[in-house]
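Numbering (this note's numbering), first residue to last: 22 to 389.
Where is the CB? At the ideal position from N, CA and C, for every residue including glycine.
What follows is the structure in structure tokens.
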């Protein structure tokens, strides 16, 4: 578990200043049981029953599922691309050859994501205090660039076929290879997107969308070959151009989600829900400075709560722990929650000495 912050009281006769800060390493009221498959959280206030927390799905299980997804995808797409390359070289289909290149590009993106998941498993240290989860977001950028390269390659290949008028041979065998590409890409796309949504990994979802794009490219190659068989040789390059337009639209939506994650964007409903949840905890008088962000596929939350200034350290700590406990139950993918406890603002200004520093260092949070 990461370090938690609780309240500590300091009484100063000369300044009449109360400051509460919480820090704890162990939970007296919580028992944690860990193994490779689950993470149970026992809390005395709930009758000692077990709870599964978001940290498990987002961290322990998520990394394993993500690694398994990219490993299976890499093997599957490498097999598909090898089959298509062999038949394209034998039959002379430029469309099928381009499709094999697209699928090989998908192999490269899954390898990049594989590397990112391995790196993200490394433990945090004094230099990388939040760990290496951002490597997944960097892999997302690489995937977007590969999708763009696929779109450009598809457009160039289609234009060349349209102008050269070359006609492929071994049409039926080439059609079969194209259908293998359609089926293989779609199956892997559904698998990667499903796992990506389950573990909150935007790059894995993006890679799944890339596989779906490659499936459309395979379908375009198939339609083009059917058109050639029916006596319309230009059907193949025209289908390729249409699919290139589809690829461009998917690139836009995929790159948008990847860039939002890099800029620490969260669903606009997350922060209001955290505020409402925290205010429902007995003893919490106000909730301020709530911030949330995704780091890789795990969410981190930082917030301040105000409590009665006359409370003891133990009681203020218990309130903060209850807020944290409810956060783990209500926020999907949460792996870390840092809660600072302030004395109620009604009892006076307890941060006047730092006011000018806070004003210079922080910008206000506005709704977008």
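The Cβ atoms of residue 201 and residue 128 lie no closer than 8 Å to each other. Cβ-Cβ separation between residue 222 and residue 157: approximately 6 Å, consistent with a contact (criterion under 8 Å). Look at the region 181-219 and you find these whole runs of alpha helix (DSSP H), each 4 residues long or longer: 192-219. In the same chain as residue 98, and ignoring 5 residues on each side of it, the C-beta atoms closer than 6 Å to its own belong to 124, 127, 128, in chain order. Collapsing the DSSP output to three states places residue 314 in a strand. Judged by their CB atoms, residue 224 and residue 173 are not nearer to each other than the 8 Å cut-off.
Secondary structure at residue 144: coil, using DSSP grouped into helix, strand and coil. Check the Cα spacing between residue 198 and each of 333, 178, 282, 111: the tightest is with 111.
The DSSP-derived three-state label of residue 251 is coil. Assigned with DSSP and collapsed to three states, residue 355 falls in strand. As the crow flies, the alpha-carbon of residue 303 is around 12 Å from that of residue 342.
The region 293-308 makes no contact with the region 267-282, as fewer than three CB pairs between them are under 8 Å. Bridge partners of residue 327 according to DSSP: 307, 363. Our two residues, residue 325 and residue 362, have alpha carbons roughly 6 Å apart in a direct line. DSSP places residue 344 within a helical segment (H, G or I) once states are collapsed to three. Here the alpha carbons of residue 220 and residue 177 stand approximately 37 Å from one another. A distance of 8 Å or more separates the beta carbons of residue 94 and residue 317. In the structure shown, residue 238 adopts helical secondary structure according to DSSP, grouped into three states. Within the same chain, 94, 98, 127, 206, 207, 209, 210, 213 come within 8 Å of residue 232 by CB-CB distance, once the 5 residues on both sides are set aside. Taking the CA atoms as reference points, residue 137 sits about 9 Å from residue 88. Assignment of residue 265 by DSSP, reduced to helix, strand and coil, places it in the helix class. Annotated as distal: residue 186 and residue 268, with beta-carbon spacing of 8 Å or more. Under the 10 Å beta carbon count, residue 264 is surrounded by 16 or more other beta carbons and is classified as buried. Contact between residue 258 and residue 183 holds: their C-beta atoms lie close to 4 Å from each other, under 8 Å. Nearest to residue 195 by alpha-carbon distance, out of 108, 147, 250, is 108. The beta carbons of residue 163 and residue 130 sit about 7 Å from each other, so the pair counts as a contact at 8 Å.
With contacts defined by Cβ atoms closer than 8 Å, residue 351 and residue 307 do not form a contacting pair.
A straight line joining the alpha-carbon of residue 285 with that of residue 319 spans about 11 Å. Residue 359 is positioned such that its CB atom lies closer than 8 Å to that of residue 323. The three-state secondary structure of residue 322, taken from DSSP, is strand. Looking only at 154, 119, 145, the smallest Cα-Cα distance to residue 181 is reached by 119. C-alpha of residue 244 to C-alpha of residue 114: approximately 13 Å in a straight line.
Annotation for residue 294: the continuous alpha helix (DSSP H) segment containing it runs 291-300. Ranked by Cα distance from residue 92, the options 134, 106, 290 are led by 134.
Each residue's CA atom was taken as its position, placing residue 315 and residue 246 some 45 Å apart.
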